[in-house]
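Okay, structure first, notes after.
Number of protein chains: 2
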Amino acid sequence: MSLEPTFPERRVLLRCALSFVGKSSRLIRSKLAAGPRVRLKDDGSPVTDADLAAERLLRRLIVRRFPDHGIQGEEFPPVRPRAEFQWFVDPIDGTMSFTREIPLFGTIVALHHLGRPLLGVIDHPALQETTSAAAGLGAFRNGRRITVSSGNALKNELVAVCYRDQFLRCRRQAAFDRLMRSHPNVRTYGDCFGHILAARGAVGAMVDVDINPWDLAATQVIIEEAGGKYVVLARRGKRRDILFGKPKVVDRLLPILK
Amino acid sequence: MSLEPTFPERRVLLRCALSFVGKSSRLIRSKLAAGPRVRLKDDGSPVTDADLAAERLLRRLIVRRFPDHGIQGEEFPPVRPRAEFQWFVDPIDGTMSFTREIPLFGTIVALHHLGRPLLGVIDHPALQETTSAAAGLGAFRNGRRITVSSGNALKNELVAVCYRDQFLRCRRQAAFDRLMRSHPNVRTYGDCFGHILAARGAVGAMVDVDINPWDLAATQVIIEEAGGKYVVLARRGKRRDILFGKPKVVDRLLPILK
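Chains A and B, in that order, are what the protein sequence lines are.
If you want this note's numbering, it's the position in the first sequence, counting the first as 1, plus 715.
If you want this note's numbering, it's the position in the second sequence, counting the first as 1, plus 715.
What follows is the structure, given as structure tokens:
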């Protein structure tokens, strides 16, 4: 088919995605309890046996249920890259946190149809917090509806930002320093932990730069279904700089980051 | 008595502190589940019904068990400030996080004897992680021994720092900016969350500035019992700037922060 999935079809797809992530979440918690085993990849970035095992599990679950869909992820080559349905998986976003038992790492699973985000799930195994959305069906945290204004009445809006080394990598450190100086409450809630905080209004907005397709694949649909604004600030190959959150906060931050 | 408590006496005192904190932890989790209720204090800082209820509970438990000890805390006046044993309590360190349901807030309980730290407990109710130490008896995370070198083999040492607005408050923002620029992996793991990460070696060191007596009362004994180095960078009235963690990392950061 090349028609967009109907709402009932999306509900089924989201239920499947949540079930896949529920299984990877249990696997990751058990790996965490056993103590993470780390090695460095050729590019110097760390990978753990939990990354590999969880991505293998997610790919197996997807292929078994949706044999004609494509899959893209960090640790293994793409599967059926021309299929109209493409899954994106990042088993452990925030490997540096995971290896240090800092419980802010998360799992990202998303499904795009003909290049458009259809659904997204961001799961935080150690926090037992699952954020999800499907286009047209709203955004949810552990099954309860969320919006970017859930924390609207709060004074002293927080802003989340990824780590300075990501800005350094793409030579945008001046923007990081400007942001830090221009807003009193900027916090480095990096990786997909910041993404879910923006979706439920715990922070007013987040800036995340130089990130891979699988690390942003779930975010746009979650933010937009939560009533937020999602802006691509820059593209470098497949990498993106993004800004998202409450529309007013996003608009206020745009000139600082451009 | 004015003799230092013996090791068996310290064990009893620590067991009491852990039991008090276990009770406040359950109370705080139930308040979190019910949704935090926030109001602003006269100085503009937020306070919640959970802050007040948990501090009242902790004070009641301490007074009942140790009627001749003193107590100091954020929300109520000091009790018996000249007693040789002084308890310090902060029921919710990280109220901004608590009100946003960001699970990184913690409870601090410490006991000092004649001005010297005897024991410290830092509990993270939402993470169900309790860090504790008593002088001469070691440091523990959920009952298991920790050291600042628990994560020693890790490449890419992380450094934790409190929020920039704390540096602004005491006009030390230049030190914050210098630290951010001088080290690629600085993260704002603020409040007592950063303290426990340093104690178990998840970060190499932490800098925390302009903090109250009750917010640092548990940290020195925990860090030192974990084999770490604890340095007071500056004193302003009862407020302190502190730096602590792995001795080598502390020494490397000292010139940046002085």
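Even glycine gets a Cβ: it sits at the ideal position worked out from N, Cα and C.
Just so you know, these numbers come straight off a predicted model, no measurement behind them.
Check: residue i C-beta below 8 Å from any heavy atom of the ligand GDP
i: B:Gly-835; result: The ligand GDP is not part of this structure, which contains no ligands at all.
Beta-carbon separation (whole angstroms), residue i vs residue j, contact threshold 8 Å
i: A:Arg-725; j: A:Leu-852; result: 6 Å
i: A:Phe-820; j: A:Gly-835; result: Their Cβ separation, rounded to whole angstroms, is 17 Å, which puts A:Phe-820 and A:Gly-835 out of contact at 8 Å.
i: A:Ala-974; j: A:Val-964; result: Residue 974 of chain A cannot be examined here, being either before or after the span of chain A that is shown, 716 to 973.
i: B:Ile-861; j: B:Ala-798; result: Contact flag wrong, Cβ pair sits at about 31 Å.
i: A:Thr-822; j: A:Ile-743; result: 7 Å
i: A:Ala-949; j: A:Val-863; result: No, A:Ala-949 and A:Val-863 are not in contact; Cβ-Cβ is about 22 Å, not under 8 Å.
i: A:Leu-767; j: A:Trp-802; result: Actually they are not in contact, since the Cβ atoms of A:Leu-767 and A:Trp-802 sit about 17 Å apart, beyond 8 Å.
i: B:Pro-832; j: B:Val-936; result: 4 Å
i: B:Leu-873; j: B:Asn-900; result: 5 Å
i: A:Ile-837; j: A:Ala-933; result: 5 Å
i: A:Arg-902; j: B:Tyr-878; result: 7 Å
i: B:Lys-944; j: B:Phe-959; result: 6 Å
i: B:Val-804; j: B:Glu-770; result: 6 Å
Short CB-CB distance (under 9 Å) between residue i and chain B
i: A:Thr-934; result: no
i: A:Ile-817; result: yes
i: A:Tyr-945; result: no
i: A:Gly-960; result: no
i: A:Asp-757; result: no
i: A:Arg-902; result: yes
i: A:Pro-899; result: yes
i: A:Met-895; result: yes
i: A:Ala-748; result: no
i: A:Phe-855; result: no
i: A:Gly-905; result: yes
i: A:Pro-975; result: As shown, chain A starts at 716 and ends at 973. That puts residue 975 of chain A outside it, with no answer to give.
Chain A contact for residue i (CB, 9 Å cutoff)
i: B:Ala-913; result: no
i: B:Pro-793; result: no
i: B:Pro-840; result: no
i: B:Leu-873; result: yes
i: B:Gly-866; result: yes
i: B:Pro-720; result: no
i: B:Gln-801; result: no
Local Cβ density within 10 Å of residue i, reported as buried at 16 or more and exposed below that
i: A:Val-727; result: exposed
i: B:Gly-978; result: Residue 978 of chain B falls outside the range modelled here, since chain B spans only 716 to 973, and no answer is possible.
i: B:Ala-841; result: buried
i: B:Gln-843; result: exposed
i: B:Asp-956; result: buried
i: A:Pro-793; result: exposed
i: A:Arg-754; result: exposed
i: A:Ser-739; result: buried
i: B:Arg-748; result: Note on residue identity: the sequence assigns Ala, not Arg, to residue 748 of chain B. Exposed.
i: B:Lys-961; result: buried
i: A:Thr-721; result: exposed
i: B:Pro-751; result: buried
i: A:Lys-756; result: exposed
i: A:Pro-806; result: buried
i: B:Asp-764; result: exposed
i: A:Asp-923; result: buried
i: B:Ser-847; result: buried
i: A:Gly-905; result: buried
i: B:Lys-953; result: exposed
i: A:Asp-889; result: At residue 889 of chain A the sequence reads Ala, which differs from the Asp that was named. It is exposed - the Cβ of A:Ala-889 has fewer than 16 other Cβ atoms within 10 Å.
i: B:Leu-776; result: buried
i: A:Ala-729; result: The amino acid occupying residue 729 of chain A in the given sequence is Leu; Ala does not appear at that position. Burial call: buried.
i: B:Leu-718; result: exposed
i: B:Gly-916; result: buried
Neighbouring residues, chain B, relative to residue i (Cβ below 7 Å)
i: A:Ala-917; result: Arg-815, Glu-816, Ile-817
Cross-chain neighbours of residue i in chain A, by beta carbon under 7 Å
i: B:Asp-880; result: Pro-899, Asn-900
i: B:Leu-883; result: Pro-899
Chain B residues whose Cβ lies nearer than 8 Å to that of residue i
i: A:Asp-892; result: Asp-892, Met-895, Arg-896
| Looking at chain B, which residues of the stretch 811-835 of chain A have a Cβ within less than 9 Å of any of its Cβ atoms? | Met-811, Ser-812, Thr-814, Arg-815, Glu-816, Ile-817, Pro-818, Leu-819
| request: Can you give me, in chain order, the residues of the stretch 766-790 of chain B that have a beta carbon less than 7 Å from any beta carbon in chain A? | output: Residues: none.
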